[in-house]
Structure formats: structure tokens, C-alpha cells
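As numbered in our numbering, residues 2 to 450 make up the sequence shown, in order.
The beta carbon of each residue, even a glycine, is placed where N, CA and C say it ideally should be.
Remember, it's a predicted structure, so these values are computed and weren't measured experimentally.
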Amino acid sequence: MPADAPARYRLFSWEHSYFSGKARAYLRYKAQAGGLDYEDVLATQELIMGLLMPATGTGAVPQLQLPDGRIIQDTSEILDVVEAAHPDPPVAPTAAGGPRQRLVSYLIELLADEWMLVYAFWERWLGSYDDAEPSHAAFNEQQWGVIFAPDATGLERRKAGRAFFEVAFNIAAARSEPRGVYQGLVDLGVDANTGPAWKAGNDRLLAALEAHFSAHDFVLGGLPSLADFGLLAPLYAHLFRDPVASFDLCTRFPLVAEWVERTNGTNALNARSYGQQLYSLGEGGRLVGRPATSDGGAWLPGDEIPDTLLPILAIFFEEMWPVLVSSMERLTAHIASDAHTPGGEIPGKSFTVTPGFDALQQGDGVLCHDFTVGGVAGRRMVVPYQVWMLQRVATELQASRAAPGGEDAVTALLSGFPRGSELLELDALLAGCKLRKEGGRLFSLEAAG
Ligand SMILES: N[C@@H](CCC(=O)N[C@@H](CS)C(=O)NCC(=O)O)C(=O)O
Numbered sequence: 002m003p004a005d006a007p008a009r010y011r012l013f014s015w016e017h018s019y020f021s022g023k024a025r026a027y028l029r030y031k032a033q034a035g036g037l038d039y040e041d042v043l044a045t046q047e048l049i050m051g052l053l054m055p056a057t058g059t060g061a062v063p064q065l066q067l068p069d070g071r072i073i074q075d076t077s078e079i080l081d082v083v084e085a086a087h088p089d090p091p092v093a094p095t096a097a098g099g100p101r102q103r104l105v106s107y108l109i110e111l112l113a114d115e116w117m118l119v120y121a122f123w124e125r126w127l128g129s130y131d132d133a134e135p136s137h138a139a140f141n142e143q144q145w146g147v148i149f150a151p152d153a154t155g156l157e158r159r160k161a162g163r164a165f166f167e168v169a170f171n172i173a174a175a176r177s178e179p180r181g182v183y184q185g186l187v188d189l190g191v192d193a194n195t196g197p198a199w200k201a202g203n204d205r206l207l208a209a210l211e212a213h214f215s216a217h218d219f220v221l222g223g224l225p226s227l228a229d230f231g232l233l234a235p236l237y238a239h240l241f242r243d244p245v246a247s248f249d250l251c252t253r254f255p256l257v258a259e260w261v262e263r264t265n266g267t268n269a270l271n272a273r274s275y276g277q278q279l280y281s282l283g284e285g286g287r288l289v290g291r292p293a294t295s296d297g298g299a300w301l302p303g304d305e306i307p308d309t310l311l312p313i314l315a316i317f318f319e320e321m322w323p324v325l326v327s328s329m330e331r332l333t334a335h336i337a338s339d340a341h342t343p344g345g346e347i348p349g350k351s352f353t354v355t356p357g358f359d360a361l362q363q364g365d366g367v368l369c370h371d372f373t374v375g376g377v378a379g380r381r382m383v384v385p386y387q388v389w390m391l392q393r394v395a396t397e398l399q400a401s402r403a404a405p406g407g408e409d410a411v412t413a414l415l416s417g418f419p420r421g422s423e424l425l426e427l428d429a430l431l432a433g434c435k436l437r438k439e440g441g442r443l444f445s446l447e448a449a450g
């Protein structure tokens, strides 16, 4: 163990980062239940370049330093590693105890991580144009500035954020000459045609969540799960904190906004959260407590998937699944081609093309494909990281199907969605595009034999 290894976990993150919200809320939940101890560390540019990048090969946040000094990048891996070390309270039912609930948790994590990302990302950056109306450019400059000038005064921090936006994103001319995040939106399939369809898709999802949260406080009932922490990625930093999107969320979907506070575990007194008690007055004015959240403060019994979750799963199968199938096909073709050496690197980023892979992920590149969103056609990059996430789904799917009664329960659930039964063929779809993740980088598998 290095001499300066921390005695506890350290989460290196930004308050305004998509994936940081997921990891932080998860760790807060575990810590609040007494499961572990962690420190929130602002991931300044100095720490990213000097500590995180050398450790994992990526500056992406969040990253978690374990008590033994190792550093893990990627929220899914962070959750897996921490769950293995601190299983109580669990954040997903076991395959034996809740085969459908467990599978659904992983599917919603994938939807939230990698499909809702597009719209949340778009909201932030459309609202940050100089001429956006309304604009949250000043707020966004301020929240970014601290990474680059953590000790500076407020105005200097804001200037540092603005300077970064100019250099990295060409923000003053981003409509005509997109760079950085603005080019990333183009690469993810957002253009004048598809933009309104992405927004309509997001509204559909939020409406479905609003209906669900009118009956249950969390995705699986009265306690949070992996699905809630996953959903917090788009819903916290981008849709709840960024002011333009936040106005829309809080005014049109107040139950979702309330769930954000509840799942984040802060400022949630009225929202009622895990670990909280509501009190009545008993005999002699004595306070008599009860769990504050719905469903008796527990996940729904009997592996129940409430009807209000079905529209959310329908969005996964109607919108994201066709893109995932095409992504597996394109990646399989690339890995089998002469352009790739088995065991070689595969692009690993989610928000933008991975530097060095532009020719593959843009234009006519083999890792660029046609897709539709809300029936509108567009073109976007293949994100191989999604295939890596599907490998996790495949492992869980196998376990759920192998559980007593699991095969029938899972098959019946999936057959209720368009193309839902195709998920049962996931192993075959993944056969030619298996990936290995090392730190923040992805590689294909070495040739067998
Ligand atoms: N899939 C990863 C993604 C992490 C990620 O993309 N983080 C963003 C901020 S939310 C980032 O740091 N992007 C900059 C980069 O990739 O260098 C996770 O689950 O943690």
C-alpha cells in the first residue's frame, strides 16, 4: 500500500458532472447506512493530470480511490467494486430473490447512462450559447471555472470557465464551427432534424417517471437501487441543476424533481428519503416513527415490476435497443476487419469521438451508423462502451434466467416489448465484439489459440 494511501474512499468528481452524480449519490447512500466512509474531492485540473490520468489512462470523472490506493474509473465499475466490499445495504436484488427486478435495474442503468445522456448533454450546451434565450451560460461558466482556478475569486473562476469554453469548445462560434462538446453532440446524432425528436423522447421518459413516482418513491419501491443511481446521472447535474432545464423539470415534472432530492440524499426533508423517519404523536405526546418512504421503506416484494415501469422499459426497447443491436454489428465488423488487430484499442468515450478514432467514428467510418430517434432519421457514432455495458447485462441476464422460476419470469417480461425477446439472444450478438476494459480504455480480445 502506498505510504499516502487514504484510509477511506476518495471520490474525485465535479458537482456538475453527469456520471459524478450517480457515483456520489450511491456512496452517500452506502455511507449513510453505515456501510463505508468516503471523502468528496474536487477533481481539479492538477489532480486530473497528475493523479487520475497516470493511474487510469483517462481524465474522465468520476474516479474512486480505494482505501488500498488503487484508482477505479467508471461508475459501473465503481459500484461493482464497492458492492463487493460493502454488500450492505445492497443496491440490487439478487438474481435468486428478484430475477426481473435485478435485470430491470441493469437495463435502466444502461438507458440512463448512455441514451438519456444525449438529451441531457444537449440541454446544457444549447443553454450555454452566448445568444441562447433563456441562457445559463453564466451559471455554466461558474460551475466549470473552479476546476481550473480552484483558489481564485468568484469572478476569476468564472473567467477561467469561459476561457476553457473558448479554447476547448470554440463556444462563440460553436454553431458554425463546432468543437469539443458541440462536435460531440453532432457525433451523437443531434442535428436540426433529430433535435426536436430527442427532446420529445426525453419528455416521454420524464412523463413516464412522473407517473411512476406518483405511486412509488424509487424505481423498485421504497428504497433506492442501481436504477435510481443510474437515472440520477442525467437527472441531477444536467436536468436538475442546470437552470434552464431545471425550470422545465421542476415546473412540469415536480415528482421527478422531488425524487432527485430524495435519491441524492440532500435537501430532501420534504421529499422524504431513505433512512428518514416520519413521526406521529403517540400516547403522552411520545414520537412514534415509521419509514418515511413509500412501500414500507422497502423494495416491492415478490419480484414485482409495477405497471408504471413498463413505459420506461418500452422506451429502452423501442429507441435504444435498435441502436445497440446495430452497434454490436458494426463493432463486430470492425474487429473482424483488417483495419483492427485483435487485442487492439477500441474507442472508449461516450460524449465525443475518441481522439485518434475520428475516421472510424465519423462520416462513412465503420463505427458510424444510421439510426432513428422518435421516427426521425439521423447518423451517429457507435459507442463501444455501450457494448461493454451490454456484457454486464448479459452476465445478469444469465444469472436471472438460471434462478428458480427466472427463465419464465424474464421471458414473459421481455415478450411484452417490441423486439424485447431479442435480448435473449444477447450472448450470440456479443460473440464477435467482446471487449476488455483496462482503466479508462477499451480493447478487443486477443485472438484465441
Ligand atoms: N462511463 C463513464 C463515463 C465517465 C465520463 O464520460 N465522464 C465525463 C464527465 S461526466 C468526462 O469526464 N468526460 C471527459 C473525458 O472523457 O475526458 C462512467 O460511468 O463513469
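**OP:** Check whether the Cβ atoms of Glu397 and Val326 sit closer than 8 Å, and answer yes or no.
**Re:** For the pair Glu397 and Val326, the CB atoms are not nearer than the 8 Å cut-off.
Subject >> Beta-carbon proximity list for Ile49, same chain, < 7 Å, skipping 5 on both sides >> reply: Gly60
Subject >> Secondary structure of His335, DSSP reduced to three states >> reply: Here His335 sits in helix by DSSP.
Subject >> Cutoff 7 Å; reference Ala32; Cβ partners in own chain excluding five residues on either side >> reply: Asp38 and Tyr39
Subject >> Length of the line joining the Cα atoms of Ser21 and His239 >> reply: In a straight line, the C-alpha of Ser21 is about 11 Å away from that of His239.
**OP:** State yes or no: is the C-beta of Thr264 within less than 8 Å of the C-beta of Asp229?
**Re:** yes
Original post:
Over what stretch of residues does the alpha helix (DSSP H) that includes Tyr1 continue unbroken?
Top reply: Residue 1 lies beyond the residue range present for the chain, which begins at 2 and ends at 450; the question has no answer from this structure.
Original post:
Should the segment 213-229 be called in touch with the segment 301-315, which here means at least 3 C-beta pairs below 8 Å?
Top reply: yes
Subject >> Inter-stretch contact (C-beta, 8 Å, three-pair minimum) for the segment 430-447 and the segment 346-363 >> reply: The segment 430-447 is in contact with the segment 346-363.
Subject >> Asp428: first and last residue of the uninterrupted beta strand (DSSP E) it sits in >> reply: Taken as a continuous stretch (DSSP letters only), Asp428 belongs to no beta strand (DSSP E), being part of the alpha helix (DSSP H) at Leu427 to Leu431.
Original post:
Around the Cβ of Arg291, are there at least 16 other Cβ atoms within 10 angstroms (buried) or fewer (exposed)?
Top reply: exposed
Original post:
Who are Gln66's beta bridge partners in DSSP?
Top reply: Arg11 and Ile72
Original post:
Quick one: is Ser14 buried, meaning 16 or more other Cβ sit within 10 Å of its Cβ, or exposed?
Top reply: Note on Ser14: 16 or more other CB atoms within 10 angstroms of its CB, so buried under the neighbour-count rule.
Subject >> Assumed close pair Thr294, Tyr275 - CB separation to whole angstroms, cut-off 8 Å >> reply: Contact check for Thr294 and Tyr275: beta-carbon distance about 6 Å, within the 8 Å limit, so the pair qualifies.
Subject >> Within the segment 336-397, ranges of the beta strand (DSSP E) (whole runs, at least 3 residues) >> reply: 369-374 and 377-382
Original post:
Do you know whose CA, among Trp145, Leu227, Gly376 and Trp260, lies nearest Leu80's CA?
Top reply: Leu227
Original post:
Buried or exposed: where does Ala1 fall if 16 or more other Cβ atoms within 10 Å of its Cβ makes it buried?
Top reply: With the chain covering only 2 through 450, there is no way to say anything about residue 1.
**OP:** Can you give me the Cβ contacts of Leu282 inside the same chain, cut-off strictly under 6 Å, excluding the 5 residues immediately before and after it?
**Re:** None.
Original post:
Sorted by chain position, which residues of the same chain lie with C-beta nearer than 6 Å to Ala4's C-beta, five sequence neighbours on each side aside?
Top reply: Reliability of the predicted coordinates at Ala4 is poor, the pLDDT of 47 falling under 50, and the value obtained from them is presented with this limitation in mind. Excluding sequence neighbours, Ala4 sits near nothing in its chain.
Original post:
Does the beta-carbon of Thr195 have 16 or more other beta-carbons within 10 angstroms, so that it is buried, or is it exposed?
Top reply: buried
**OP:** Less than 8 Å between the CB atoms is what I'm expecting for Arg402 and Val394, so what's the real figure, rounded?
**Re:** Incorrect: roughly 12 Å between the Cβ atoms, too far for contact.
**OP:** With DSSP as the reference, please indicate the residues paired to Glu40 in a beta bridge.
**Re:** Beta-bridge pairing links Glu40 to Arg11.
Subject >> Local Cβ density within 10 Å of Ala6, reported as buried at 16 or more and exposed below that >> reply: The predicted model places Ala6 with a pLDDT of 47, which falls under 50 and marks its position as unreliable, so this point remains unresolved.
Original post:
Under 7 Å from any heavy atom of ligand 1, does the C-beta of Pro63 make it?
Top reply: yes
**OP:** Check whether the Cβ of Ser77 sits closer than 7 Å to any heavy atom of ligand 1, and report yes or no.
**Re:** yes
Original post:
From this set, Ala234, Thr355 and Leu431, which residue's C-alpha is nearest Met329's C-alpha?
Top reply: The residue with the shortest Cα to Cα distance from Met329 is Leu431.
Original post:
Span of the alpha helix (DSSP H) holding Glu319?
Top reply: Where Glu319 is concerned, there is no enclosing alpha helix (DSSP H), given that its DSSP letter is neither H nor E.
Original post:
Do Tyr10 and Leu67 have their C-beta atoms closer together than 8 Å?
Top reply: yes
**OP:** Give the straight-line distance between the Cα atoms of Glu259 and Gln399, rounded to the nearest whole angstrom.
**Re:** Glu259 and Gln399 have their C-alpha atoms roughly 35 Å apart.
Original post:
Is Thr59 near ligand 1, going by C-beta to nearest heavy atom under 7 Å?
Top reply: yes
Original post:
Any idea if Arg242 is buried or exposed, counting beta-carbon neighbours within 10 angstroms, 16 or more meaning buried?
Top reply: buried
**OP:** Could you tell me which residues DSSP pairs with Glu447 in its beta bridges?
**Re:** BP columns for Glu447 are empty, so no partner.
Original post:
Are the beta-carbon atoms of Arg159 and Glu178 separated by less than 8 Å?
Top reply: no
Subject >> Where Ser281 falls: helix, strand or coil (DSSP) >> reply: strand
Original post:
Thinking just about the alpha-carbon of each residue, which of Trp126, Gln362 and Phe318 is nearest to the one in Gly375?
Top reply: Phe318
Subject >> DSSP three-state assignment for Ala6, whether helix, strand or coil >> reply: The pLDDT assigned to Ala6 is 47, lower than 50, so where the model puts this residue is not dependable, and the model offers no usable value.
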